[in-house]
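Student:
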Amino acid sequence: MSGNDRQRGLEGPPPEERPTPDGRRNEQGIRIDPEVEATHDPRRTVISALVKHEPGVLAEVSGLFSRRQFNIESLTVGPTTDEDRARITLVVEEPDPGIDQVKKQLRKLIPVVSVRELEPDAMRRELALVKVDAADPAQVAAVADMYDATAVDSSPETATYEVTGSRQKIEAAIETFEQFGIREVDRTGMTALARGTDETTGPTPAEASVSAVEDATQTKYTADDD
Amino acid sequence: MSERAATVSPPDERAQEEQKHDRDASTADGTPDPVTSGAQAVVRALENAGVEYAFGVQGGAIMPVYDALYDSEITHVTMAHEQGAAHAADAYGIVAGEPGVCLATSGPGATNLVTGIADADMDSDPLVALTGQVPTEFVGNDAFQETDTTGVTTPITKDNTFAADPDRVGDDVGEAFALAGEGRPGPTLVDLPKDVTNADTEAEPATPETPDTYEVQERADPEIVAEAAERIEAATRPAMLLGGGVIKGEASETCREFAIEHEIPVITTMPGLGAFPEDHELSMEMAGMHGTGYANMAITHCDTLIAVGTRFDDRLTGGIETFAPDAAVIHVDIDPAEISKNIHADYPLIGDADTVVSQLAEAVDASPEATKWRAQCQQWKSEYSMAYDVPSEQSGDEPSTSSKMPEDEPVQPEFVVEALDEATDDDAIVTTGVGQHQMWACQYWTFTEPRTWVSSHGLGTMGYGLPAAIGARLAADDDQEVVCVDGDGSFLMTMQGLSVAVRENLDITVAVLNNEYIGMVRQWQDAFFEGRHAASDYNWMPEFDKLAEAFGARGFRIDDYDEVADVIAEAVAYDGPSVIDVHIDPEANVYPMVPSGGDNGQFALTEDQL
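In order, the protein sequences belong to chains Z and L.
As numbered in full-length UniProt numbering, residues 1 to 226 make up the first sequence, in order.
As numbered in full-length UniProt numbering, residues 1 to 610 make up the second sequence, in order.
And the structure:
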């Protein structure tokens, strides 16, 4: 039994002689029920977090997203009326268990005060600066008018417009401006607030479990167009 | 021996010197002097938190803190390397159940702590790291020994703070201490710029409190508890899975009572070793990649899994799709983010392990009817028994498959682990490095008590064992034995810690299971890389027994079976640090084994089954 010639191991029935269970789990760790398909498709949603207004918080939040491989589309941060608090608005695209993880992991960061996933009817706005070639100023102005864009700068060769609105509107505007030749674009990412008296990051309801969820991704954005 | 003892044991003198400083530190009536500097506020915060020991290494930017510590009753253990300081403090925290404290200077001091901090983070061990930093006005200038320590450690700490204000620095440290130990424990760090610790302040630190944004849920939702209780009552194949959270949450006793009352077989994770007595018939021992065959059968075939304080690490679950695929999962965890992170929880119970298991115990009225299942579990225990090849003369009642002469045969590592277990009391503490020796320790040491298993689980840090033994020694009761089961590769990484063990005259026994390989890598190369031993074959190792003697420790060597019992007895009995260089069968492998991402129920018993 010495050395390399020995196949050392333990006694017992080999793998092929063992009983195996019929069940399986999907990649999200959920037992697969043959009657209910349990896999979740990614959906896009907006998460708002109230955080302590102190150095390093943004790095902490963005670091969390990269190291946990959360799929993040945009992140905005800005001060609030409380000088000790800032608000971070995130657009993420994940399946439900992933969105649940995003919320819980965010909440776990010590400088994070509260976290909430916004309702589909929440107000969402983005701002973009679009710098286009101004060879045909009249036509550019006509397109700008179509999207309620405001001219913020013009030069003999360029015109820069500010567009605000839903993500869909911004994207449509950019697409339309493209016919003139876009030189540069800067977008803020999404800002969002809950409607009416509903507090955007108010006291988090004890909803640790996966919140009620809409299946459609696109409808939320068209519904909010202006 | 006596010569060495004379040259290396000045601790008595040092103790007197320390007492002198203690007297300096307080006024005649015993009340401590008022704080006059940031550094004193830091030390006062540690004293207020009840800290007895701190582990660290001096250096420029942390000097003010050390100067303040010089007058404190806190015993500072000067380590040989900052990594060892972090591991020692981590192990101290595991054994003591309260945060261990480590100190280092800026730059390399802080970065050397990083491995230990990451280790504590992965294993949820309570740890407070205090790092010196260059003076505030130099921060950002790439000053000498400057590192963005809070930046580097953000992903591996529960929270960290750059202490910018001398009037708050004591509170920053107090807060870090409270946060490290509360809820799910973890490492915290306070970065201390030298100008802040040198600055004048009279601000006495407040009582340590966690930040106001930190919330811990103690009790689980009673409705889900009731549903989970019903599920348990209706189970026909129930199993409990106890993780490290059971030990950290002081829930071992409650879990034992619950399992025994309802006769539910108990599986542990690796960090959960000691949560349930492995000599109990309900114990299935450890599951996972190198868990027992019977634990892996039980976890694969159960219909209800009561998982307490575990994060379903991939080394435990193997492939997700085949993990406990028939089981409704009742998941008890204090960290909501662990619920349904890797394995979906059918019954999510967020709260303190002891509180929630008590809630469950109250809610479960009838034990599950699982006689057949228990019989099945017992059958698996005999079918997949952890018997190994060992000469019969030496094995006593152990099952054996060979009867060759012992002296002709290389010593099997399992035999050494069992002999160490045999030679020590039930409450002996075991620390390890990472690799094959660690797995043999898991498999062949019979753990019966919580806080006796001190290892690097999540991060898998080779070199953890010796510094951990130092920290564990200082946290343990005086009559508790501390044994480090180490590997040759692991020992070589942090063996400079021997100088500390000798200087502090710490009673620890290190058994180096020496196969002159990075053994686990060699085992994988044999199984998965066609036996190509790339960079795993050391082929040569220093003589660890002589090295130990050079440090001033006792050194022993074992080559043959007939030396094992006597040498271990002598080493364990020695009142000070000892190292046994155990030359084991270099070809010994760890089985059973579930390959990465494999099906737990399809564990291999031999290499050709992989």
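All C-beta atoms in this analysis are idealised placements derived from N, C-alpha and C, irrespective of residue type, glycine included.
Kindly say whether G186 of chain L, judged by its beta-carbon, lies nearer than 8 Å to any beta-carbon of chain Z.
Tutor: Numbered from its first residue, the second sequence carries residue 186 of chain L at position 186. No - not a single Cβ of chain Z is within 8 Å of the one on G186 of chain L.
Student: I'd like to confirm the pairing. Which residues does DSSP put opposite M593 of chain L in its beta bridges?
Tutor: Against the second sequence, residue 593 of chain L aligns to sequence position 593. Answer is L:A604.
Student: Which partner residues of F162 of chain L appear in the DSSP bridge assignment?
Tutor: Residue numbering aside, residue 162 of chain L sits at position 162 when the second sequence is read from its first letter. According to DSSP, F162 of chain L bridges with L:D191.
Student: Drop a sphere of 10 angstroms on the beta-carbon of S455 of chain L, count the other beta-carbons inside from all chains shown, and report buried for 16 or more, exposed for fewer.
Tutor: Translated into positions along the second sequence, residue 455 of chain L becomes position 455. S455 of chain L should be labelled buried.
Student: For H280 of chain L, count the other beta carbons within 10 Å of its own beta carbon; 16 or more makes it buried, fewer makes it exposed. Which is it?
Tutor: Position 280 of the second sequence, counted from the first residue, corresponds to residue 280 of chain L. Result: exposed.
Student: Which residues mark the beginning and the end of the beta strand (DSSP E) in which A159 of chain Z is found?
Tutor: On the first sequence, residue 159 of chain Z is found 159 positions in, with the first residue counted as 1. According to the DSSP assignment, A159 of chain Z belongs to the beta strand (DSSP E) that extends over 158-165.
Student: Need the endpoints of the beta strand (DSSP E) that K131 of chain Z sits in, please.
Tutor: Numbered from its first residue, the first sequence carries residue 131 of chain Z at position 131. Run containing K131 of chain Z: 123-133, per the beta strand (DSSP E) assignment.
Student: What's the call for A287 of chain L, buried or exposed, on a 16-neighbour Cβ count within 10 Å?
Tutor: Against the second sequence, residue 287 of chain L aligns to sequence position 287. Looking at its Cβ environment, which holds 16 or more other Cβ atoms inside 10 Å, A287 of chain L is buried.
Student: So that I know if they touch, is there some Cβ in chain Z lying closer than 8 Å to that of M386 of chain L?
Tutor: Within the second sequence, the letter at position 386 stands for residue 386 of chain L. Taking Cβ atoms only, chain Z reaches closer than 8 Å to M386 of chain L, which makes this a yes.
Student: What residues from chain Z crowd round K341 of chain L, counting only those whose CB sits closer than 7 Å?
Tutor: Walking along the second sequence from the start, residue 341 of chain L turns up at place 341. The answer, in chain order, is Q101.
Student: Does DSSP put N514 of chain L in a helix, in a strand, or in coil?
Tutor: Here the question's residue 514 of chain L lines up with position 514 in the second sequence. Residue state, collapsed to three classes: strand.
Student: For T254 of chain L, which residues of its own chain have a beta-carbon under 6 Å away from its beta-carbon, when the five flanking residues on both sides are left out?
Tutor: Taking the first residue of the second sequence as position 1, residue 254 of chain L is located at position 254. Excluding sequence neighbours, T254 of chain L sits near D354, V357, S358.
Student: Exposed or buried, what is V152 of chain Z when buried is set at 16 or more other beta-carbons lying within 10 Å of its beta-carbon?
Tutor: Stepping through the first sequence from its first residue, residue 152 of chain Z is reached at position 152. When all chains shown are included, V152 of chain Z counts as exposed.
Student: Between the region 592-607 of chain L and chain Z, which residues of the former have CB atoms less than 8 Å from a CB of the latter, in chain order?
Tutor: P592, D599, G601, Q602, F603, A604, L605, T606, E607
Student: Does the beta carbon of P211 of chain L sit closer than 8 Å to a beta carbon anywhere in chain Z?
Tutor: The count along the second sequence starts at 1 and reaches residue 211 of chain L at position 211. P211 of chain L counts as touching chain Z.
Student: For M405 of chain L and V411 of chain L, what's the separation of their Cα atoms in angstroms?
Tutor: For this step, residue 405 of chain L is matched to residue 405 along the second sequence. For this step, residue 411 of chain L is matched to residue 411 along the second sequence. Note on M405 of chain L: pLDDT 45, under 50, position unreliable in the model; no value is reported.
Student: Let me see if you follow: with CB-CB separation under 8 Å, is D119 of chain L close to chain Z or not?
Tutor: Reading the second sequence from its first residue, position 119 is the one you call residue 119 of chain L. So no, D119 of chain L is outside the interface.
Student: Give the secondary structure of W440 of chain L by DSSP, where H, G and I count as helix, E and B as strand, and everything else as coil.
Tutor: On the second sequence, position 440 is the one that residue 440 of chain L refers to. Note: W440 of chain L maps to helix in three-state DSSP.
Student: Could you give the distance in angstroms between the alpha-carbon of A118 of chain L and the alpha-carbon of A86 of chain Z?
Tutor: Indexing the second sequence from 1 puts residue 118 of chain L at position 118. Indexing the first sequence from 1 puts residue 86 of chain Z at position 86. About 29 Å.
Student: So, with DSSP's three-state summary, where would you put S283 of chain L?
Tutor: Against the second sequence, residue 283 of chain L aligns to sequence position 283. S283 of chain L: strand per DSSP, three-state reduction.
Student: Extract the residue ranges of the alpha helix (DSSP H) inside the region 446-485 of chain L, only unbroken runs of 4 or more that lie entirely within it.
Tutor: 465-475
Student: Can you tell me whether DSSP reads residue 242 of chain Z as helix, strand or coil?
Tutor: Nothing can be reported for residue 242 of chain Z, as the shown portion of chain Z is limited to 1 through 226.
Student: Since T304 of chain L sits in a beta bridge, which residues does DSSP pair it with?
Tutor: Position 304 of the second sequence, counted from the first residue, corresponds to residue 304 of chain L. According to DSSP, which records beta bridges pairwise, T304 of chain L is partnered with L:P238, L:A328.
Student: Note down, in chain order, every chain L residue with its Cβ under 8 Å from the Cβ of E60 of chain Z.
Tutor: Translated into the one-based positions of the first sequence, residue 60 of chain Z becomes position 60. Those are T154, listed as they occur along chain L.
Student: Taking the beta carbon of V57 of chain L as the centre, do at least 16 other beta carbons fall within 10 Å, making it buried, or is it exposed?
Tutor: Taking the second sequence and counting its residues from 1, the one referred to as residue 57 of chain L is at position 57. Flag for V57 of chain L reads buried.
Student: What is the residue span of the beta strand (DSSP E) that I94 of chain L lies within?
Tutor: Sequence index remark: in the second sequence, residue 94 of chain L carries index 94 (1-based). Careful: I94 of chain L lies outside any beta strand (DSSP E), inside the alpha helix (DSSP H) at 82-96.
Student: DSSP on E563 of chain L, reduced to helix/strand/coil?
Tutor: As a working note, residue 563 of chain L is residue 563 in the second sequence. DSSP places E563 of chain L in helix when its eight states are reduced to three.
Student: In the DSSP assignment, what are the bridge partners of H53 of chain Z?
Tutor: One-based indexing of the first sequence puts residue 53 of chain Z at position 53. H53 of chain Z pairs with nothing; no bridge assigned.
Student: Considering only the alpha carbon of each residue, which of Z:T158, Z:T176, Z:V92, Z:I174 lies closest to residue 233 of chain Z?
Tutor: Outside the displayed span of chain Z (1 to 226) sits residue 233 of chain Z, for which this structure offers no information.
Student: Name, in chain order, the residues that DSSP records as bridge partners for R67 of chain Z.
Tutor: If you number the first sequence from 1, residue 67 of chain Z lands on position 67. R67 of chain Z is not bridged to any residue.
Student: Under 7 Å between beta-carbons, which chain L residues line up against P21 of chain Z? List them in chain order, please.
Tutor: In the first sequence, residue 21 of chain Z corresponds to position 21, counting from 1. By Cβ distance, chain L contributes T300, H301, P325, D326.
Student: Run through DSSP, which three-state label would V185 of chain Z get?
Tutor: In the first sequence, counting from the first residue as 1, residue 185 of chain Z sits at position 185. V185 of chain Z falls in the strand class under three-state DSSP.
Student: For P271 of chain L versus G244 of chain L, is the C-beta spacing smaller than 8 Å?
Tutor: Within the second sequence, the letter at position 271 stands for residue 271 of chain L. Within the second sequence, the letter at position 244 stands for residue 244 of chain L. It is a contact, given that the beta carbons lie within the stated cut-off.
Student: Residues bridged to Q496 of chain L by DSSP?
Tutor: To locate residue 496 of chain L, count along the second sequence from 1; it is residue 496. DSSP lists no partner for Q496 of chain L.
Student: Closer than 7 Å, Cβ to Cβ, to anything on chain Z: give me those residues from the region 519-536 of chain L, in chain order.
Tutor: none
Student: Thinking D603 of chain L and G293 of chain L are a contact (beta carbons under 8 Å), I'd like their distance in whole angstroms, please.
Tutor: Locating residue 603 of chain L in the second sequence gives position 603, where the first residue counts as 1. Locating residue 293 of chain L in the second sequence gives position 293, where the first residue counts as 1. As written in the sequence, residue 603 of chain L is Phe, which differs from the Asp given in the question. With 8 Å as the limit, F603 of chain L and G293 of chain L qualify as a contact, their Cβ atoms being about 6 Å apart.
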